[in-house]
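Accompanying notes for the structure given below.
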Amino acid sequence: MHQNLENYLQNEYYLCYNKRVANRQLSFADEKFKKTDAGLGGFV
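Numbering (the numbering used here), first residue to last: 59 to 102.
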């Protein structure tokens, strides 16, 4: 049981970390393309 909980928490941690990284990349791309006419189109 303890092992399962540990795995679960580890997975949650990595999921949150990946989301943070993805959000940071998205906002960076947004800043980068906001100045152009192209924008991010339908990807947002």
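Where a beta carbon is used, it is the ideal one built from N, C-alpha and C, also for glycine.
Predicted model only: the values in this text are computed from it and were never measured.
Separation of residue j from residue i, as counted between CA atoms
i: N81; j: Q61; result: 30 Å
i: Q83; j: N65; result: 27 Å
i: C74; j: Q68; result: 10 Å
i: K90; j: V79; result: 16 Å
i: L63; j: K77; result: 21 Å
Close-in-space but distant-in-sequence residues of the same chain around residue i (CB under 6 Å, 5 per side omitted)
i: Y72; result: none
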